[in-house]
Amino acid sequence: MNKPQSNMFAPETLVDPFEHYRQVHEAGIKIEHLPEMNTFVVYGYDLCSEATGRPEVFSNDFTALMGADDDEIKEILAEGWDNPPTLLTADHPVHTRNRKLVNLAFSAPRVNAIEEDMRVKSIELIEKMLEKNSGDFVEDFAIPLPVAMIAQQIGLDNDPKQVKAWSDAAVDRFSQLVDRERQLECARSFVSYQKYMKGLIDDRRANGGDDLLTDLVEARVEGETPLTDEEIISIMQQFMVAGNETTTSTIAGGLLQLIRNPDQMAKAKEAAGGRNPKLIGNLVEEALRYETPTAGMWRLVKEDTTLGDTQIPQGAMVQLRYAAANRDPSKFENPDKFDIERKNARAHLAFGKGPHMCVGNMLSRKEMLVAFDELLERLDDFEIADEDGIAVLPNILLRGVTKLPIRYKAAA
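Going by this note's numbering, the first residue of the sequence shown is number 16, and it counts up by one from there.
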């Protein structure tokens with residue numbers, strides 16, 4: 016079994032990991048042990064799926080990775096509120112209670128009610144794009160659409176740029192690849208966000224509203240205590256990140272793959288404009304599989320265990336490498352081909368699986384479907400304006416195109 020020469024967590028591999036994944040799968044490596052990091056990286060689809068279904072062993076309580084033991088960061092964070100484990104970094108029973116309450120906010124009626132807003136915003140951004148016929152697609156569309164939508168739903172639609180800044184800071188805290196000054200800046204950003212969000216929560220408690228924030232403030236489930244202000248602040252930050260970062264990455268990455276695969280672009284354009292919503296929906300699933308914006312997620316091992324043929328000791332960290340699992344040839348035939356008609360595209364792990372599957376997946380899927388439906392109906396002749404201008408930033412957990420210079424014209 017030939018081990019790949021590349022390091023999974025080297026910046027250059029994080030930016031372009033796909034050759035590494037190919038080598039891992041060809042070598043039959045399901046799990047790689049990195050003793051210097053006390054970490055086991057899980058590459059295989061079946062083993063990633065298995066681990067997500069064993070939360071009592073593979074715990075989501077990985078807050079120790081967030082710099083909580085740093086005295087200066089602690090001092091900054093003490094100016095805000097406690098940041099209790101809620102969804103991403105909580106286990107049962109805390110996670111179960113929070114999930115019950117949060118599910119009320121992410122109901123199908125709530126998602127469907129904002130679809131028209133998604134279309135209106137998409138068309139507005141496309142019309143602005145047509146004023147110049149070229150530009151950075153990430154800046155012109157892939158960022159402002161999801162940021163505007165999540166900003167509206169969490170009561171921050173008056174300042175989407177602030178939402179993006181707070182979200183970027185949260186992502187950088189997770190990345191483990193930023194310098195000391197940025198770590199401190201991210202801590203200050205979090206406190207700033209907390210103070211603003213606490214004011215919004217107080218307003219919703221007093222006056223009500225019609226958004227996800229209000230739904231959380233008012234969420235009640237028999238037998239469960241309502242969410243505290245601190246829990247809502249924590250959950251809303253996770254919504255901010257999940258509601259724009261991963262959607263941005265999938266929209267940008269999906270368009271890039273359509274441009275690079277003209278046969279797939281032609282099929283998608285035939286389906287757009289409401290002509291074949293099922294195929295556009297499958298395009299979304301294939302983009303999620305192929306690009307996998309949440310490339311990996313941590314788990315803390317609570318007891319000595321075995322995953323596959325690998326013994327993993329208590330206290331070790333596991334990274335479930337969803338992006339590698341989504342390229343596993345034992346699950347996806349010809350996995351490096353971008354195929355919007357792929358029969359099992361929806362089997363991907365881009366939203367995770369099991370009790371911790373992304374609670375906002377319906378909202379994200381709807382937004383991406385609307386985005387591709389409108390873009391491909393209203394624009395034509397897409398091409399890359401500058402291959403060297405395409406950028407991806409290294410990040411241990413998240414991966415996405417951050418710059419995509421393109422040219423296009425109005426559809427006939």
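Cβ coordinates follow ideal geometry from the N, Cα and C atoms, glycine included.
With 16 other Cβ atoms within 10 Å as the buried cut-off, status of residue i
| i | result |
| --- | --- |
| Met-372 | exposed |
| Gln-326 | exposed |
| Gly-68 | exposed |
| Val-56 | buried |
| Arg-275 | exposed |
| Ala-25 | exposed |
| Leu-350 | Correcting the residue type first, residue 350 is Pro in the shown sequence and not Leu. Pro-350 comes out buried. |
| Asn-259 | buried |
| His-40 | buried |
| Ser-345 | exposed |
| His-107 | exposed |
| Asn-297 | buried |
| Ser-249 | buried |
| Arg-304 | buried |
| Gln-329 | exposed |
| Asn-113 | buried |
| Val-162 | buried |
| Gln-20 | exposed |
| Met-52 | exposed |
| Asp-86 | exposed |
| Ala-406 | exposed |
| Asn-410 | buried |
| Ser-122 | exposed |
| Arg-414 | buried |
| Lys-147 | exposed |
| Gly-59 | buried |
| Arg-357 | buried |
| Glu-318 | exposed |
| Asn-75 | buried |
| Lys-45 | buried |
| Asp-217 | exposed |
| Asp-151 | buried |
| Arg-314 | buried |
| Lys-176 | exposed |
Beta-bridge partners of residue i, as assigned by DSSP
| i | result |
| --- | --- |
| Lys-176 | DSSP lists no partner for Lys-176. |
| Val-416 | Val-407 |
| Asp-151 | Pro-420 |
| Leu-270 | For Leu-270, which the question treats as bridged, DSSP gives no partner whatsoever. |
| His-48 | Phe-55 |
| Asp-97 | None; Asp-97 has no bridge partner. |
| Glu-398 | Arg-422 |
Assumed close pair residue i, residue j - CB separation to whole angstroms, cut-off 8 Å
| i | j | result |
| --- | --- | --- |
| Phe-6 | Gln-272 | Outside the shown range of the chain (16 to 427) lies residue 6, about which nothing can therefore be said. |
| Met-383 | Thr-263 | That belief does not hold up - the Cβ atoms of Met-383 and Thr-263 are roughly 10 Å apart, past 8 Å. |
| Ala-426 | Arg-393 | 6 Å |
| Lys-115 | Val-236 | 5 Å |
| Phe-73 | Val-316 | 6 Å |
| Ala-180 | Asp-172 | With a Cβ gap of about 15 Å, Ala-180 and Asp-172 do not count as contacting. |
| Leu-227 | Ile-247 | With 8 Å as the limit, Leu-227 and Ile-247 do not qualify as a contact, their Cβ atoms being about 10 Å apart. |
Closest residue to residue i among the options (Cα-Cα distance)
| i | options | result |
| --- | --- | --- |
| Thr-265 | Arg-290, Ile-295, Pro-308, Asn-22 | Pro-308 |
| Gln-168 | Asp-225, Thr-101, Lys-210 | Asp-225 |
| Leu-378 | Met-255, Glu-51, Arg-203, Val-407 | Met-255 |
| Asp-401 | Asp-319, Val-72, Lys-381, Ser-149 | Ser-149 |
| Thr-111 | Ala-202, Gly-238, Tyr-208 | Gly-238 |
| Lys-136 | Arg-314, Leu-119, Arg-37, Met-164 | Met-164 |
| Thr-362 | Arg-220, Pro-370, Pro-124, Ala-340 | Reading off the sequence shown, one finds Ala at residue 362, where the question assumed Thr. Nearest option by C-alpha distance: Ala-340. |
| Ile-295 | Asp-97, Asp-194, Val-385, Asp-217 | Val-385 |
| Arg-290 | Ile-46, Phe-387, Asn-75, Leu-199 | Phe-387 |
| Glu-65 | Gly-323, Arg-342, Ala-360, Ala-257 | Gly-323 |
| Val-428 | Ile-421, Trp-181, Leu-412, Pro-420 | Here the chain covers residues 16 to 427 and nothing more, so residue 428 does not appear. |
| Gln-209 | Gly-311, Glu-71, Gln-253, Leu-49 | Gln-253 |
| Glu-94 | Arg-197, Phe-152, Ser-204 | Ser-204 |
| Asp-174 | Cys-201, Asp-194, Met-212 | Met-212 |
| Glu-71 | Thr-320, Lys-143, Leu-270 | Thr-320 |
| Phe-347 | Asp-396, Thr-243, Ala-286, Glu-300 | Glu-300 |
| Asp-343 | Leu-215, Leu-62, Asn-222, Lys-143 | Leu-62 |
| Glu-306 | His-48, Leu-140, Leu-270 | Leu-270 |
Within-9 Å CB hit, residue i to chain C
| i | result |
| --- | --- |
| Gly-238 | Absent from the structure is chain C; it holds one protein chain and no more. |
**Prompt:** Where are the alpha helix (DSSP H) runs, 4 residues long or more, that stay fully inside the region 205–251, in chain order?
**Reply:** 227–233
**Request:** Could I get the ranges of all uninterrupted alpha helix (DSSP H) runs contained in the region 309–388, with 4 residues as the minimum, in chain order?
**Result:** 337–340
**Asked** Along the chain, which unbroken stretches of the alpha helix (DSSP H) at least 4 residues long are found entirely within the region 104–144?
**Response** 109–120, 123–128, 130–144
**Prompt:** Which runs of the alpha helix (DSSP H) spanning at least 4 residues fall entirely within the region 52–91, listed in chain order?
**Reply:** 60–67
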